[in-house]
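Since the structure comes first, as structure tokens, the remarks are kept for the end.
Residue numbers (the numbering used here): 631 to 951.
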């Protein structure tokens with residue numbers, strides 16, 4: 631006996647495995663199902679590869695057997711291959727520590743201005759931006775807390791016949807009688823709740839448009855990851871994204887607004903001689919800097935492997951194309 635017990639069983643039907651595109655989270659992957667979704671982190675790359683390959687092979691084998699059965703019995707394929715839709719599958723929650731601000735209104739979180747998770751999309755949002763409840767298919771049409779964006783989407787989905795929610799509800803509750811269906815629809819529609827503006831809403835500060843152009847998790851960037859940056863004699867850890875010759879700095883890896891943007895065109899990238907190293911310790915012993923005539927150099931630190939990749943990407947970005 632190991633002392634372990636099964637907490638829940640996840641069906642292979644409709645299961646998806648999503649691999650993180652974040653270079654700093656190379657051993658993370660998410661399991662997404664219609665009932666529950668979550669993110670896992672392997673101890674190393676070998677364990678990560680073994681888990682992902684095994685899961686994907688099992689899903690592929692299940693789908694292959696399912697397809698054979700459907701063709702054999704002349705049953706049309708279901709919509710399980712459709713892209714993820716809000717409310718149909720449990721979302722993967724974004725981790726609290728990867729966000730410093732509401733992912734909708736950008737108000738910064740504090741000890742008293744708390745984080746909440748939207749049960750529709752998994753975003754981390756403030757109380758005012760999640761002051762809603764909506765029924766969702768993956769919750770068997772029970773209602774739960776959602777953000778303002780998901781509320782609008784789900785409300786429109788239940789009201790618009792084009793989304794086919796009537797058939798889904800009939801199937802979910804085994805309804806064949808039209809009168810029973812009308813009653814159930816009224817019940818589901820009435821479970822949409824909009825509680826109004828929260829008293830805890832923070833006043834939004836002005837944010838320049840240039841800081842809103844790129845999010846911290848932008849998948850189309852040349853480079854992204856954690857770096858230590860020296861400022862006013864101190865080293866501080868920031869998440870950086872390099873895109874279209876601009877280096878964006880963030881407080882966390884899932885923030886939707888940058889704290890700073892630095893156009894790097896015209897800068898030179900230099901490796902810092904070891905004779906100039908200060909009190910750096912641990913793995914972040916490789917220093918490099920961006921220098922420009924007439925400006926203070928921008929000093930960064932990370933491990934040697936990451937530094938090499940950053941320097942190559944920055945060197946390319948500093949050149950006029």
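Glycine is no exception: its CB is placed at the ideal position from the N, C-alpha and C atoms.
Segment limits, alpha helix (DSSP H) that includes residue i
| i | result |
| --- | --- |
| residue 611 | No information on residue 611 is available, as it lies outside the stretch 631 to 951 that the chain covers here. |
| residue 731 | Run containing residue 731: none; DSSP gives neither H nor E here. |
| residue 882 | Here residue 882 belongs to no alpha helix (DSSP H), and DSSP marks it neither H nor E. |
Presumed contact (8 Å Cβ cut-off) between residue i and residue j, rounded CB distance
| i | j | result |
| --- | --- | --- |
| residue 929 | residue 859 | 7 Å |
| residue 751 | residue 760 | Contact doesn't hold; Cβ gap of about 11 Å is too wide. |
| residue 636 | residue 685 | With a Cβ gap of about 17 Å, residue 636 and residue 685 do not count as contacting. |
| residue 762 | residue 862 | Residue 762 to residue 862, Cβ: 42 Å. No contact. |
Proximal residues to residue i (C-beta, below 7 Å), its chain only, five neighbours per side dropped
| i | result |
| --- | --- |
| residue 888 | 841, 844, 878, 879, 880 |
| residue 829 | In this predicted model, residue 829 has a pLDDT of only 49, less than 50, meaning its place in the structure is not dependable; the value taken from the coordinates is given anyway. Counting only Cβ-Cβ distances below 7 Å, and skipping sequence neighbours, we find nothing. |
| residue 638 | 666 |
Those residues which DSSP pairs with residue i across a bridge
| i | result |
| --- | --- |
| residue 893 | 876 |
| residue 674 | According to DSSP, which records beta bridges pairwise, residue 674 is partnered with nothing at all. |
| residue 743 | None; residue 743 has no bridge partner. |
| residue 724 | None, per the DSSP bridge assignment. |
Enclosing beta strand (DSSP E) for residue i [first to last residue]
| i | result |
| --- | --- |
| residue 766 | 762 to 766 |
| residue 921 | 916 to 921 |
| residue 648 | 646 to 649 |
| residue 853 | 853 to 861 |
| residue 776 | 772 to 776 |
| residue 944 | Here residue 944 belongs to no beta strand (DSSP E); instead the alpha helix (DSSP H) covers 934 to 947. |
Cβ shell of residue i (< 8 Å), same chain only, five flanking positions each side left out
| i | result |
| --- | --- |
| residue 890 | 841, 878, 879 |
| residue 668 | 660, 661, 722, 723 |
| residue 922 | 896, 897, 898 |
| residue 902 | 917, 918, 919, 929 |
Proximity test, residue i beta-carbon vs the ligand COA heavy atom, cut-off 7 Å
| i | result |
| --- | --- |
| residue 686 | Absence of the ligand COA from the depicted structure is noted, as is the absence of any ligand whatsoever, leaving it without description. |
Close Cβ partners of residue i (< 6 Å) along its chain, the five nearest in sequence each way excluded
| i | result |
| --- | --- |
| residue 650 | 658 |
| residue 876 | 891, 893 |
| residue 705 | Note that residue 705 scores 38 on pLDDT, short of 50, meaning its location in the model is unreliable and no value can be drawn from it. |
| residue 883 | 728, 846, 869 |
Quiz item: Per the contact definition of three or more C-beta pairs closer than 8 Å, is the stretch 775 to 792 in contact with the stretch 833 to 848?
Solution: no
Quiz item: For the stretch 781 to 797 against the stretch 815 to 828, are there 3 or more C-beta pairs whose distance is under 8 Å?
Solution: yes
Quiz item: For the stretch 845 to 854 against the stretch 920 to 928, are there 3 or more C-beta pairs whose distance is under 8 Å?
Solution: no
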